[in-house]
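> Numbering (this note's numbering), first residue to last: 24 to 449.
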Ligand code: HAM
């Protein structure tokens, strides 16, 4: 057996898992202020949820999905993202009846069979929101502002990030533009890479994402959807930008921002961070007003974003942000010898039952190494239980910060410990 996690996956060890849980708390607190409620969908879905939702011609669907047959020969896929699942669930459970709206957030692992590199994993973690039922451009600005505020709350200085926005148009203006772009690509076939040429038929907009320098030079001359938006899309986009201005959110318009999922209509956006190398998008999203209809549901506008945990953490590291460690033990209960083992055992439990983080030794350590362990855990107080004190119904409480010691009646231990801990405003 190979004792190694599969390629493109990592174990979230305590130091990293602590940051993930911290970001989750930041998200929960912040998203609640904007009216979002949690939703958890299955990690796998019927494959069709993604092929229809994300689009057959996208990289995600055409080459990155973990698809398998279950024992009853159903085709299932590990979710590569959260939006398709949330919209599927909203339709299935009628979360957005006509005229209603829903604001939902989620967090969890996503799976894409990509070539692993810094900030690009095969199993990665996202936190995302989806706002369903709202077509007004004010919600676009609100959702974008929320993503900006999240990264600020995570401690990443806004000077380290760039917010890019664009409009992808809709079913009225995009098809004609797509044709025009496909024709442009065909006309420049000789100067473009094979991949871009293939994209002319399937997904011409993705040619803007090609990293090949020659393709980039050619695509810099390509017609832009921004200049071909229909009146409604143009007005909507203008209002989104106006909303961002109103909120004082700094953004850059990037007419070549196309994003890799087919469901987008109108507003798309991405936040990039400094110091991350090629995979610098820490979060992104957009509007998907036709997605619920794709699943056979009623016309229901929607938009949202997802942020990548690994990349957010890299951006936090680049900015020198540290997450405070929670105390693993506020109190360490030490045993002078085995005769007091039961007293130590129950005192430790009583402290925990009273809401205090307490730890004791389970490895038959000497008193000296129990003290060392108390230091390692950064315990603020050590309760020392010796045979004579225990016989008198007492223990010694040592304040590790001042080294002061006091004899305390066992019956009085909880209030005394509580008072000593609170003295430190903890
Ligand atoms: P996405 O741009 O594909 O959008 O992914 C969102 C974020 O997930 C990216 O900005 C990046 O930080 C992170 N990410 C994506 N792929 C990887 C990977 N292989 N390794 C590590 N991190 C990764 C979506 O997923 C859409 N569902 C966003 C959305 C929500 N649009 C509307 N609502």
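Note that the Cβ used here is the ideal one computed from N, Cα and C, for glycine as well.
Would you say residue 302 and residue 156 are within 9 Å of each other, going by their C-beta atoms?
No, the Cβ-Cβ distance between residue 302 and residue 156 is not below 9 Å.
> Say whether the region 27-38 touches the region 69-84, bearing in mind that this needs 3 or more beta-carbon pairs closer than 8 Å, one atom from each stretch.
Segments in contact, no.
> Just to confirm before moving on: does the CB-CB distance between residue 381 and residue 354 stay below 9 Å?
In contact: residue 381 and residue 354 (Cβ atoms closer than 9 Å).
> Are there any heavy atoms of the ligand HAM lying less than 8 Å away from the beta-carbon of residue 326, as far as the coordinates show?
Checking the Cβ of residue 326 against the ligand HAM gives yes.
> Applying the criterion that 16 or more other CB atoms from any shown protein chain within 10 Å of the CB defines a buried residue, is residue 310 buried or exposed?
Buried, because 16 or more other Cβ atoms sit within 10 Å of the Cβ of residue 310.
> Would you say the beta carbon of residue 266 is closer than 8 Å to some non-hydrogen atom of the ligand HAM?
The answer is no for residue 266.
> In the DSSP assignment, what residue or residues form a beta bridge with residue 184?
DSSP lists 296 as partners of residue 184.
> Under the three-state reduction of DSSP, which class applies to residue 438: helix, strand or coil?
Of the three classes helix, strand and coil, the one that applies to residue 438 here is helix, per DSSP.
> Quick one, which of 422, 346, 250 has its alpha-carbon nearest residue 196's?
Measuring from the Cα of residue 196, the nearest candidate turns out to be 250.
> For residue 255 and residue 290, what's the separation of their Cα atoms in angstroms?
Approximately 12 Å, taken between the alpha carbons.
> Touch check for the region 324-332 and the region 160-172: three-plus C-beta pairs under 8 Å?
Segments in contact, yes.
> Would you report the Cα separation of residue 66 and residue 430, rounded to the nearest angstrom?
Cα-Cα distance, rounded: 54 Å.
> Spell out the partners DSSP gives residue 330 in its beta bridges.
Note: residue 330 sits in a beta bridge opposite 150, 306.
> Could you tell me the alpha carbon to alpha carbon distance between residue 343 and residue 227, rounded to whole angstroms?
Cα-Cα distance, rounded: 40 Å.
> Determine which residues share a DSSP beta bridge with residue 325 and list them.
Paired residue(s): 155.
> Can you determine whether any heavy atom of the ligand COA sits closer than 8 Å to the C-beta of residue 111, and answer yes or no?
With respect to the ligand COA, the structure shown offers nothing to examine, as its ligands consist of the ligand HAM.
> From the DSSP output, which residues share a beta bridge with residue 69?
Beta-bridge pairing links residue 69 to 99.
> Say the cut is 8 Å; is the CB of residue 4 nearer than that to a heavy atom of the ligand HAM?
The chain is shown only over 24 to 449; residue 4 falls outside these bounds and no answer can be derived.
> Relative to the ligand HAM, is the shortest distance from any of its heavy atoms to the C-beta of residue 106 smaller than 8 Å?
Yes, the ligand HAM has a heavy atom inside 8 Å of this Cβ.
> Quick check: the Cα distance between residue 158 and residue 264, rounded to an integer number of angstroms?
When rounded, the distance between both Cα atoms is 15 Å.
> Quick test of your reading: residue 272 and residue 171, contact by CB under 8 Å. State the CB separation rounded to the nearest angstrom.
Indeed they touch by this definition, with Cβ atoms about 6 Å apart.
> Quick check on residue 134: buried or exposed, where buried means 16 or more other Cβ atoms within 10 Å of its Cβ?
By the neighbour-count rule (16 or more Cβ atoms within 10 Å), residue 134 is buried.
> According to DSSP, is residue 290 helix, strand or coil?
Note: residue 290 maps to strand in three-state DSSP.
> Mark residue 240 as exposed unless 16 or more other C-beta atoms lie within 10 angstroms of its C-beta, in which case mark it buried.
Residue 240 comes out exposed.
> Does the beta carbon of residue 333 fall short of 8 Å from some heavy atom of the ligand HAM?
Yes, the Cβ of residue 333 comes within 8 Å of a heavy atom of the ligand HAM.
> Report the CB separation of residue 6 from residue 183 in whole angstroms; it is logged as a contact under 8 Å.
There is simply no residue 6 to check, as the chain begins at 24 and stops at 449 in what is shown.
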